[in-house]
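Chemist:
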Amino acid sequence: MKNIMKILGLITAAVIFSFNVNAQCNAEALAQNCVPKLQDGFTFLKTFKVDGLGGAKSKVEYSYVFSKDTQYFLNICAASDPTDGIIVTMYDSKRQIVSTNFNNGKFYPGIVYPCNATGIYYITFTFQGSTNYCGGSVLGFKR
Amino acid sequence: MKKFIFILTATVLFACNSGKKSDEQAYLESLDTLELDQPVISEEVISDIIQQIPSPLEVSFLLKSAGSKYSVDMLNDPDNISNYNSSFEKALNLGIYGTDLGYANIYEQNQDALFYLNSITSLAEDLSIGQFFDFGTIKRLATNSDNLDSLLLITTQNFNNINEYLQDNQRQNLSVLILTGGWLEALHIVCEVVNNNPDNKELVEKIGEQKIILDNIKLLLGFYKNDPYIADLHKNILKLEEAFAEIEIIYTYAEPTFKEVNGMLVIEDNSTTTINITPENVVTIRNQVNEIRDKIIS
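Chains as they are written, first to last, in my numbering: chain X, 13 to 155; chain A, 2 to 299.
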């Protein structure tokens, strides 16, 4: 019985810990902080919450229909350094890469994507060397 | 003690089991269940499809950049609000007025924008989502053309917040109707503009592109077709799908190239789409859109 209680105690602690880690990520606030950082000339479309649950979740994914002849701007905000190891990668509907903020070993806080092909695109956030696994992102557009 | 251990174990197991499936997996599973009488579609899947639908603002910006003049006659009359009694009608027309508001804002037609804002606020209150419209702030911003960016930001955020709230409160059906209304109105406006400028290739292609969004709208409405109101709308959307059937969207992928500009990564998209749409297709689509829209706004 003692062993069972010990195991249950450990599991409960782990669950509570995971909830706490989750609670520490205020992705909504980080996304809102990102709104004023939208590049000049771009019109706000939507925010994305990026909550990696303290590292428990390796990928956060959204999708959106992008239109040809439209430029899109996507920025990333994190609590600590500008991107805190958050990589955003955009894929087309066939999962072929069309854009990323991580190029030649460098993280960029924003990407400008001039879309040439209308379709459904996947916006995928992953983490590399992230401290908090937590961030926000804003999508804007201009003609 | 045994009871305590059981409850604790059940809680822990539930907590461990409540992790989300990958979107793709959930989506594929949902497609398999579409033909059942009572499709079991997770809220997560519905939310994923909803959030793909682009903002009608993109269409209004396109019209303005293409040199199309503002025309209030194409829009729904804000006074029609008295015709809308059911939640179904209110949600659809809230979406329609939302697109009209965005269109009027982009063309800086402040007085018209305020009329639409009044109608939107009233419909939103009737649907118990009035708290998301900051009427005072929007009205203040709408009276000064210098505030266009802030105005578009706030109105877009208000609609995004409404959608999020409805999805969080198991009222996705209303969210779907608002988005359907908004999308249909944007398509209607482009069709009307093209009717007067049939040679504008960019706008004609914009109509053809809507085939992609139509697929999503059809899918979303299909989830709720047990509701008789939505079933009727779904049938009409299937007719519209027939009007789009001949349109081809040919996608060609080419690897992108990257360059750094002012600290931002600028991508050169080398992929392309070709949209094959004939003037006859445009006429058929326009007629079908008008038929559906007339039923909704009257």
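Beta carbons are placed, not taken as given, at the ideal position from N, Cα and C, and that holds for glycine.
Values in this document were obtained by computation on a predicted structure and should not be read as measured data.
Got a sec, what are the start and stop residues for the beta strand (DSSP E) A:Q211 sits in?
Modeler: In the second sequence, residue 211 of chain A corresponds to position 210, counting from 1. Where A:Q211 is concerned, there is no enclosing beta strand (DSSP E), although the alpha helix (DSSP H) it sits in stretches over K202 to F224.
Chemist: List the DSSP bridge partners of A:E249.
Modeler: Within the second sequence, numbered from 1, the residue matching residue 249 of chain A stands at position 248. Bridge partners of A:E249: A:N277.
Chemist: Is the Cβ of X:R107 closer than 7 Å to any Cβ of chain A?
Modeler: Mapped onto the first sequence, residue 107 of chain X falls at position 95. No, its Cβ sits nowhere closer than 7 Å to a Cβ of chain A.
Chemist: Output, in chain order, the set of chain X residues within a Cβ distance shorter than 9 Å of A:L102.
Modeler: In the second sequence, residue 102 of chain A corresponds to position 101, counting from 1. The premise fails here: A:L102 is roughly 14 Å from chain X at the closest Cβ pair, so nothing lies under 9 Å.
Chemist: With 16 other CB atoms within 10 Å as the buried threshold, where does A:Q132 fall?
Modeler: Counted from its first residue, the second sequence places residue 132 of chain A at position 131. Exposed: under 16 other Cβ atoms inside 10 Å.
Chemist: Suppose contacts are defined by Cβ-Cβ distances below 7 Å. Is X:C37 in contact with X:C146 by that definition?
Modeler: Translated into positions along the first sequence, residue 37 of chain X becomes position 25. Translated into positions along the first sequence, residue 146 of chain X becomes position 134. Yes, the Cβ-Cβ distance between X:C37 and X:C146 is below 7 Å.
Chemist: The ligand NAP heavy atoms versus the CB of X:Y133: any closer than 6 Å?
Modeler: With respect to the ligand NAP, the structure offers nothing, as it holds no ligand at all.
Chemist: With DSSP run on the structure shown, which of helix, strand or coil describes X:C37?
Modeler: Along the first sequence, read from residue 1 onward, the residue named residue 37 of chain X stands at position 25. Three-state DSSP puts X:C37 in coil, outside helix and strand.
Chemist: Would you kindly work out how many angstroms separate the C-alpha atoms of X:V72 and X:N87, rounded to a whole number?
Modeler: On the first sequence, residue 72 of chain X is found 60 positions in, with the first residue counted as 1. On the first sequence, residue 87 of chain X is found 75 positions in, with the first residue counted as 1. Roughly 15 Å between the two C-alpha positions.
Chemist: Answer yes or no: do A:V284 and A:H189 have a C-beta to C-beta separation smaller than 7 Å?
Modeler: As a working mapping, residue 284 of chain A is identified with position 283 in the second sequence. As a working mapping, residue 189 of chain A is identified with position 188 in the second sequence. No, the Cβ-Cβ distance between A:V284 and A:H189 is not below 7 Å.
Chemist: For A:T273, go through chain B and note every residue whose CB falls closer than 7 Å to its CB, in chain order.
Modeler: No chain B is present in this structure, whose protein chains are X and A.
Chemist: With a cut-off of 7 Å, does the C-beta of A:T157 fall near any C-beta of chain X?
Modeler: Here residue 157 of chain A refers to the residue found at position 156 when the second sequence is read from its first residue. It does; some Cβ of chain X falls within 7 Å.
Chemist: Find the residues of chain A that neighbour X:I98, judging by a C-beta separation of less than 7 Å, and give them in chain order.
Modeler: In the first sequence, counting from the first residue as 1, residue 98 of chain X sits at position 86. By Cβ distance, chain A contributes nothing, its closest Cβ being about 14 Å from X:I98, past 7 Å.
Chemist: How would you list, in chain order, the residues of chain A whose beta-carbon sits under 9 Å from the beta-carbon of X:G122?
Modeler: As a working note, residue 122 of chain X is residue 110 in the first sequence. Per Cβ cutoff of 9 Å: G264, M265 and L266.
Chemist: Quick one: grab the DSSP three-state call for X:P126.
Modeler: The residue labelled residue 126 of chain X in the question sits at position 114 within the first sequence. Correct three-state label for X:P126: strand.
Chemist: Would you check if the stretch 136-147 of chain A and the stretch 214-226 of chain A touch, i.e. whether three or more CB-CB distances between them fall below 8 Å?
Modeler: Because the criterion of three Cβ pairs below 8 Å is not met, the stretch 214-226 of chain A and the stretch 136-147 of chain A do not touch.
Chemist: Under 8 Å, CB to CB, which of the residues in the stretch 41-56 of chain A have a partner in chain X?
Modeler: Correct list: D49, Q52, Q53, I54, P55 and S56.
Chemist: Is there at least one Cβ from chain A nearer than 7 Å to X:Y125's Cβ?
Modeler: Taking the first residue of the first sequence as position 1, residue 125 of chain X is located at position 113. Closer than 7 Å: yes.
Chemist: Please classify A:N328: does DSSP put it in a helix, a strand, or coil?
Modeler: Past the boundaries of the shown model lies residue 328 of chain A; chain A is included only from 2 to 299, so the question cannot be answered.
Chemist: Skipping 5 residues on each side, what residues in its chain have a beta carbon closer than 8 Å to that of A:Q168?
Modeler: Mapped onto the second sequence, residue 168 of chain A falls at position 167. So the qualifying residues of the chain are E44, I47, S48, I51 and S176.
Chemist: Which chain X residues are close to A:F62, counting only those with a beta carbon under 9 Å from its beta carbon?
Modeler: For the purposes of this step, residue 62 of chain A is taken as residue 61 along the second sequence, with counting starting at 1. Ordered by position in chain X, the residues that pass the 9 Å Cβ test against A:F62 are T55, T82, F153, K154 and R155.
Chemist: Taking C-beta to C-beta, are A:I82 and A:S120 nearer than 7 Å?
Modeler: Along the second sequence, one-based indexing puts residue 82 of chain A at 81. Along the second sequence, one-based indexing puts residue 120 of chain A at 119. Yes, they are a contact pair.
Chemist: Let's test the definition: count the other Cβ atoms within 10 Å of the Cβ of A:N196 and tell me whether it reaches 16, buried, or not, exposed.
Modeler: The sequence position of residue 196 of chain A within the second sequence is 195, counting from 1. It counts as exposed.
Chemist: Against chain X, with Cβ distances strictly below 7 Å, would A:S66 count as a contact?
Modeler: The residue given as residue 66 of chain A occupies position 65 in the second sequence. For A:S66, the answer is yes, since a Cβ of chain X falls inside 7 Å of its Cβ.
Chemist: Thinking C-alpha only, which one of A:N174, A:G264 and A:I293 is nearest A:D228?
Modeler: Counted from its first residue, the second sequence places residue 228 of chain A at position 227. The residue with the shortest Cα to Cα distance from A:D228 is A:N174.
Chemist: If you reduce the DSSP assignment to three classes, tell me which class X:G97 lands in.
Modeler: The sequence position of residue 97 of chain X within the first sequence is 85, counting from 1. In this structure, X:G97 counts as coil in the three-state DSSP scheme.
Chemist: Using a Cβ cut-off of 9 Å, pull out every chain A residue sitting near X:S111, in sequence order please.
Modeler: In the first sequence, the residue the question calls residue 111 of chain X occupies position 99. Going along chain A in sequence order, the residues near X:S111 (Cβ under 9 Å) are P257, F259, L266, I268 and D270.
Chemist: Taking C-beta to C-beta, are X:F137 and X:I98 nearer than 7 Å?
Modeler: For the purposes of this step, residue 137 of chain X is taken as the residue at position 125 of the first sequence. For the purposes of this step, residue 98 of chain X is taken as the residue at position 86 of the first sequence. For X:F137 and X:I98, yes; Cβs fall inside 7 Å.
Chemist: In the DSSP assignment, what are the bridge partners of X:Y133?
Modeler: The residue you call residue 133 of chain X lines up with position 121 of the first sequence. Note: X:Y133 sits in a beta bridge opposite X:Y76.
Chemist: For the beta strand (DSSP E) containing A:Q158, name the first residue and the last one.
Modeler: By 1-based counting over the second sequence, the position of residue 158 of chain A is 157. Taken as a continuous stretch (DSSP letters only), A:Q158 belongs to no beta strand (DSSP E), being part of the alpha helix (DSSP H) at L149 to D169.
Chemist: Touching or not, the stretch 95-109 of chain A and the stretch 154-172 of chain A, by the rule of three or more beta carbon pairs under 8 Å?
Modeler: The stretch 95-109 of chain A, when compared against the stretch 154-172 of chain A, does touch it at the 8 Å Cβ threshold.
Chemist: Residues of chain X with a CB under 8 Å from the CB of A:I214: which are they?
Modeler: For the purposes of this step, residue 214 of chain A is taken as residue 213 along the second sequence, with counting starting at 1. Per Cβ cutoff of 8 Å: V77.
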